[in-house]
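*Asks:* Just so you know, the protein sequences line up as chains A and B, in that order. Going by numbering that gives the first Met the number 0, the first sequence opens with residue 0, and the numbers climb by one from there. Going by numbering that gives the first Met the number 0, the second sequence opens with residue 0, and the numbers climb by one from there. Cβ coordinates follow ideal geometry from the N, Cα and C atoms, glycine included.
Number of protein chains: 2
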Amino acid sequence: MFTVQVARGVPLSTLCPKFLHANSTSHTWPFSAVAELIDNAYDPDVDAKQIWIDKTQIKDKECLTFMDDGNGLNYHKMHRMLSFGYSDKKAVGSKHPIGRYGNGFKSGSMRLGLDVIVLSKSEDVMCVGMLSQSYLTQIGAEQITVPIISIKETEAKKYILLTFSNGSLLSSWSLLLGYSVCSEEHRASLQDILRYSLFNTEEELFTELQAINANRSNTGTRIIIWNLGRTSAGNMEYDFTTDRYDIRIPSDVFVSTSEPERAVSSVPESTFSLRAYCSVLYLKPRMQINIRGLKVKTRLISKSLACTAKDAYKPTSVKQRIPITFGYNTKSEEQYGIMMYHKNRLIKAYHRVGCQLNASNVNGIGVIGVIECNFLEPTHNKQDFENNDNYRKTISSLATKLEEYCKEIQYKRGKASNNVPVEDTEKSPDQNWVQCSSCQQWRKLPDGINTDDLPENWFCNMNPDPQFRRCEIEEELADSDSEQPMNQKTYKKQ
Amino acid sequence: MFTVQVARGVPLSTLCPKFLHANSTSHTWPFSAVAELIDNAYDPDVDAKQIWIDKTQIKDKECLTFMDDGNGLNYHKMHRMLSFGYSDKKAVGSKHPIGRYGNGFKSGSMRLGLDVIVLSKSEDVMCVGMLSQSYLTQIGAEQITVPIISIKETEAKKYILLTFSNGSLLSSWSLLLGYSVCSEEHRASLQDILRYSLFNTEEELFTELQAINANRSNTGTRIIIWNLGRTSAGNMEYDFTTDRYDIRIPSDVFVSTSEPERAVSSVPESTFSLRAYCSVLYLKPRMQINIRGLKVKTRLISKSLACTAKDAYKPTSVKQRIPITFGYNTKSEEQYGIMMYHKNRLIKAYHRVGCQLNASNVNGIGVIGVIECNFLEPTHNKQDFENNDNYRKTISSLATKLEEYCKEIQYKRGKASNNVPVEDTEKSPDQNWVQCSSCQQWRKLPDGINTDDLPENWFCNMNPDPQFRRCEIEEELADSDSEQPMNQKTYKKQ
Chain A
0 MFTVQVARGV PLSTLCPKFL HANSTSHTWP FSAVAELIDN AYDPDVDAKQ
50 IWIDKTQIKD KECLTFMDDG NGLNYHKMHR MLSFGYSDKK AVGSKHPIGR
100 YGNGFKSGSM RLGLDVIVLS KSEDVMCVGM LSQSYLTQIG AEQITVPIIS
150 IKETEAKKYI LLTFSNGSLL SSWSLLLGYS VCSEEHRASL QDILRYSLFN
200 TEEELFTELQ AINANRSNTG TRIIIWNLGR TSAGNMEYDF TTDRYDIRIP
250 SDVFVSTSEP ERAVSSVPES TFSLRAYCSV LYLKPRMQIN IRGLKVKTRL
300 ISKSLACTAK DAYKPTSVKQ RIPITFGYNT KSEEQYGIMM YHKNRLIKAY
350 HRVGCQLNAS NVNGIGVIGV IECNFLEPTH NKQDFENNDN YRKTISSLAT
400 KLEEYCKEIQ YKRGKASNNV PVEDTEKSPD QNWVQCSSCQ QWRKLPDGIN
450 TDDLPENWFC NMNPDPQFRR CEIEEELADS DSEQPMNQKT YKKQ
Chain B
0 MFTVQVARGV PLSTLCPKFL HANSTSHTWP FSAVAELIDN AYDPDVDAKQ
50 IWIDKTQIKD KECLTFMDDG NGLNYHKMHR MLSFGYSDKK AVGSKHPIGR
100 YGNGFKSGSM RLGLDVIVLS KSEDVMCVGM LSQSYLTQIG AEQITVPIIS
150 IKETEAKKYI LLTFSNGSLL SSWSLLLGYS VCSEEHRASL QDILRYSLFN
200 TEEELFTELQ AINANRSNTG TRIIIWNLGR TSAGNMEYDF TTDRYDIRIP
250 SDVFVSTSEP ERAVSSVPES TFSLRAYCSV LYLKPRMQIN IRGLKVKTRL
300 ISKSLACTAK DAYKPTSVKQ RIPITFGYNT KSEEQYGIMM YHKNRLIKAY
350 HRVGCQLNAS NVNGIGVIGV IECNFLEPTH NKQDFENNDN YRKTISSLAT
400 KLEEYCKEIQ YKRGKASNNV PVEDTEKSPD QNWVQCSSCQ QWRKLPDGIN
450 TDDLPENWFC NMNPDPQFRR CEIEEELADS DSEQPMNQKT YKKQ
């Protein structure tokens, strides 16, 4: 047995390398793991404006990479990221953190592959850390060790000068480390990273660090995961070929989240297409997600519905009434149910309630509900809510309100005096909203504009409405719009 | 920041005290956490014959206690139990371990309460360890420390002699530690345990250790959990009063596992009664579970059904055909669905499939299916299976086979020439099995004996069948019985 380390004379609880896998099994669905890494970039401590998710090949190894333009990590933050349970994420202004438990990076990355290297640049320091199951197995580790090196920005500049004054990249990182205050301390870590990561020379590592330079902020973090997950049959868990601009889960690996017998046509695209999942991952997206070079068109879901109506739910545990938006899916009428968010992040997608569960009932088919349930507790893997009394009351109330919405729509259909069939109005959303590629704010467009016809990159200065034509102008309040408030419930008055 | 500990010059990944809670959130249902602690006693490394689960009060604190008569822990095993991911559980004979990840004790105990103390006696040593969120908070720990002390059996005997020769219990553990080889090493741990656990003197602690003596094996482990979980409304998460011999979850805390709108009458008792859950927790129970002093009558579920029929499922991933038993629930016709086990342990209970999901269909109501799915992967909290292709194929096949079973029963009902209505045959099981209180083996009783009339403690020597009247005789093979093999499918032949 290894010597037990102590603090104040009392043994430390230790971490077995095998725990990395055990801990990752919480994510049964690979995209649940991807979402953890996106959340980390999104959270206010990193506060990235962009994240790039790519598939690449390094020395014959297929890799998944995640790069953000956020604040980057210093040595201390890197060590906490590679440890368990350290989280001091705080709300910054109106941005509330999604992460709470300090486990998302570990459980997420180790679900996606066996090994991960994190390269980061913050304002004054560059850092590299490695969490690798293959490495720990090869060295026969009895505890989880995490090689970390850091280089001060000033030292890095000297390195660049050195390499370029020599006209080559052959100068030595060791020389560089010679300058650094903490050089000796990091030597063993550097050796292990070079020996067991995909970057076997200091130059390769430094070149990879340089890639973080490519964005305007000059800070950010680059995560590279290799030895990607495989199915029990030995196939790659991801499909990179069906769509060159997407990362998909092959249909034999994953078809449906919950109902095995659901028809394939009604399986939401978000369960097998990362692009589709990312487009609805945040209720109000504030960070641009790019998958394999192509930006994800985020979908402001509550604004993409037809025949929209507002309702509200008052949980016993909180004072405010929580708004619910109901409406018809304008894209596919087979994908319906409640979209349940928590602090802006999608937890349950297309969750069918009440009459939607009854196969012989046509009510509720095609209807989407959107609610942000900050008063509920997400489960460990953020793919469900804790099944407690609060949750059950919420679902039960959503079922009732959905039926009321359906009755209201039926009543209106009966009364419809204009000549447009109601079915046709379901083909296009009540409102058209577009996100500015620069400020990431959402702008409402006048009726008659089809958002599909807009350019890939749309900016505030293209807005036909002069009132919202500049990025400096704050977003229009969602509640100021012309949606039908549900409490009128005209069908009941009759 | 605390000094980062290193191994071979490389930083160790560390554990934040807050991770104890984070890690426990995997168990959304309290009994899921209880099951982890029962599994630990059941697994072949501990190999307990009995476990006693009790509610007690120590110094005004409500406590849950778990005591087993298994092999006990030495210092090394205790440290691994209080660390993360160390598991070297191996199959012993035909007993396969349920635990794999070395996380059950941590996630389970920390879900049930804030603090836990483990007292253990193995053949030659006594050990005490503490995992306490309150303690770590109070000392302002930045890493998880786990106070552990161990005393050699010989030293403990000296201690007893000393205390009793003095005619009092006032003699000092410190004196005892003076004899021990590792005394100095454990002094800080002992101080922290006495200061922060419910046992504040060496005598109290030693008295508690003595309690493990009470069983025949003289070895075993006693787990005491305090500062028990409370609901957000501040109420105790457990109901100890409705049934003096049970531990229940109040209905406002937990009514249903999955379908919020299921009628209360159809919620399986096992979701809110620990006694009911423990009675079906193992497919073939080998360990006696006692709750609050009263033994749990384990239910050999596949033997408690009426109109039983056998079928089998051949997964693509394994060579054997996996037996399935279908039959009617003889206790309650509202509790039905598939009982899915994994390595003898219940994973999903009363999981409705196929026609059972269709509310307007009467087929499948009251029918229970039993299958042991060792070829599937349980999820992180052992309350579900990974939703992969294998799982979906299994569920789909179970749905088909359930419908075939229903058709077969319907056909037989039509053909029934005897005068006993089929409905009446569903009131009593096809066979009567009883478990011996001594050897824990199951014995089949002749027809006409009602197991409810048997004494609380039944032994092999009471068996009317002389062939199986002694504990030394091996259990009758389950497959040797007279059940109707499904592959006859008489209804198809017509």
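In its own chain, which residues sit with a C-beta less than 7 Å from the C-beta of H350 of chain A, not counting the 5 before and 5 after it?
*Replies:* G336, I337, M339
*Asks:* Residues in its own chain within less than 7 Å of S293 of chain B by CB, not counting five upstream and five downstream?
*Replies:* Sequence check: residue 293 of chain B is Leu here, not Ser. Around L293 of chain B: Y244.
*Asks:* Give me the DSSP bridge partner(s) of M235 of chain B.
*Replies:* B:R229
*Asks:* Bridge partners for C126 of chain A per DSSP, in chain order?
*Replies:* A:S119, A:S149
*Asks:* Compute the beta-carbon to beta-carbon distance between S81 of chain B and G112 of chain B, rounded to the nearest angstrom, for a pair I have assumed lies under 8 Å.
*Replies:* Just to set this straight, residue 81 of chain B is Leu in the shown sequence, not Ser. That belief does not hold up - the Cβ atoms of L81 of chain B and G112 of chain B are roughly 15 Å apart, past 8 Å.
*Asks:* Taking 8 Å as the limit between beta carbons, can you name the residues of its chain near A40 of chain B, skipping five residues before and five after?
*Replies:* A47, I50, F65, D67, G69, T220, M286
*Asks:* So, under 8 Å CB-CB, E371 of chain B and L282 of chain B are touching, yes? Tell me the CB distance rounded to an integer number of Å.
*Replies:* 6 Å
*Asks:* Quick check for students: name the residue ranges of the beta strand (DSSP E) that lie wholly in the region 48–88 of chain A, counting only runs of 3 or more.
*Replies:* Fully enclosed beta strand (DSSP E) runs of no fewer than 3 residues occupy 49–57, 60–67 of the region 48–88 of chain A, in order along the chain.
*Asks:* Of all Cβ atoms in chain B, is any one closer than 8 Å to the Cβ of T144 of chain A?
*Replies:* yes
*Asks:* When the Cα atoms are used, what is the spatial distance from S23 of chain B to T315 of chain B?
*Replies:* 34 Å
*Asks:* If we cut at 8 Å on Cβ distances, does P10 of chain B have a partner in chain A?
*Replies:* yes
*Asks:* Name the two residues that bound the continuous beta strand (DSSP E) containing T206 of chain B.
*Replies:* No beta strand (DSSP E) holds T206 of chain B; the alpha helix (DSSP H) holding it covers 201–209.
*Asks:* Beta-carbon within less than 6 Å of E61 of chain B's beta-carbon, same chain only, minus the 5 sequence neighbours each way: which residues are those?
*Replies:* L227
*Asks:* Indicate whether the contact test is met: 3 or more Cβ pairs, each with one atom in the region 229–246 of chain A and one in the region 270–279 of chain A, closer than 8 Å.
*Replies:* yes
*Asks:* Check for me: the beta strand (DSSP E) holding Q434 of chain B runs from which residue to which?
*Replies:* 431–434
*Asks:* Identify the residues that DSSP records as bridge partners of K318 of chain A: which are they?
*Replies:* BP columns for K318 of chain A are empty, so no partner.
*Asks:* Distance, Cα to Cα, V45 of chain B vs G71 of chain B?
*Replies:* Their backbone Cα atoms lie some 7 Å apart in a straight line.
*Asks:* So, S436 of chain B versus F458 of chain B, is the Cβ gap smaller than 8 Å?
*Replies:* Result yes, Cβ atoms of S436 of chain B and F458 of chain B sit closer than 8 Å.
*Asks:* Buried or exposed: which applies to S188 of chain A, given that a residue is buried once 16 or more other Cβ atoms fall within 10 Å of its Cβ?
*Replies:* buried
*Asks:* Any idea what DSSP makes of L356 of chain B, helix, strand or coil?
*Replies:* helix
*Asks:* Once the 5 residues before and after L453 of chain A are set aside, which same chain residues still bring their CB inside 7 Å of it?
*Replies:* Excluding residues within five positions, the ones whose Cβ falls inside 7 Å are V433.
*Asks:* By alpha-carbon positions, which one of A:P445, A:I364, A:Q190, A:Q382 ends up nearest to A32 of chain A?
*Replies:* A:Q382
*Asks:* Cβ atoms of K342 of chain B and H95 of chain B: under 8 Å apart, would you say?
*Replies:* Yes, the pair counts as a contact, with Cβ atoms nearer than the cut-off.
*Asks:* Pick from B:Y410, B:I150, B:Y390, B:I300: whose alpha carbon is nearest that of K313 of chain B?
*Replies:* B:Y390
*Asks:* Does any residue of chain B bring its CB to less than 8 Å from the CB of C15 of chain A?
*Replies:* At a cut-off of 8 Å, the C-beta of C15 of chain A has a neighbouring C-beta in chain B.
*Asks:* Measuring only between beta-carbons, confirm whether A210 of chain A sits less than 8 Å from chain B.
*Replies:* no
*Asks:* If we define contact as Cβ-Cβ less than 8 Å, is V180 of chain B a contact residue for chain A?
*Replies:* Confidence at V180 of chain B is low in this model, with a pLDDT of 37, below 50, so its placement is unreliable and no value can be given for it.
*Asks:* Note down, in chain order, each residue of its chain lying with its Cβ closer than 8 Å to the Cβ of N360 of chain B, except the 5 sequence neighbours on either side.
*Replies:* Within the same chain, N360 of chain B has close Cβ partners C354.
*Asks:* Near Q334 of chain B, which residues of its chain fall below 7 Å by C-beta distance, leaving aside the five closest residues on each side in sequence?
*Replies:* So the list reads S265, P267, N328, Y349, once near-sequence residues are dropped.
*Asks:* With L345 of chain B and G368 of chain B assumed to form a contact (beta carbons below 8 Å), what rounded beta-carbon distance in angstroms separates them?
*Replies:* The Cβ separation is near 13 Å, so there is no contact.
*Asks:* Would DSSP call M286 of chain B helix, strand or coil?
*Replies:* coil
*Asks:* On the criterion of 16 or more Cβ atoms from any shown chain inside 10 Å, does Q56 of chain A qualify as buried, or is it exposed?
*Replies:* exposed
*Asks:* Whole angstroms are fine: how far does the CA of A34 of chain A sit from the CA of T218 of chain A?
*Replies:* Rounded to whole angstroms, T218 of chain A and A34 of chain A show a C-alpha spacing of 22 Å.
*Asks:* Can you grab the Cα-Cα spacing for the pair E222 of chain B / D87 of chain A, in whole Å?
*Replies:* Reading off the sequence shown, one finds Ile at residue 222 of chain B, where the question assumed Glu. Cα to Cα, the separation comes out at about 32 Å.
*Asks:* Please work out which residues of its chain come closer than 8 Å, Cβ to Cβ, to L14 of chain A, disregarding the five sequence neighbours upstream and downstream, and give them in chain order.
*Replies:* Shown here for L14 of chain A: same chain residues with a beta carbon closer than 8 Å to its own, the five before and five after excluded, namely F83, Q142, I143 in chain order.
*Asks:* Tell me the rounded alpha-carbon separation between V3 of chain A and L130 of chain B.
*Replies:* V3 of chain A and L130 of chain B: Cα-Cα distance of roughly 16 Å.
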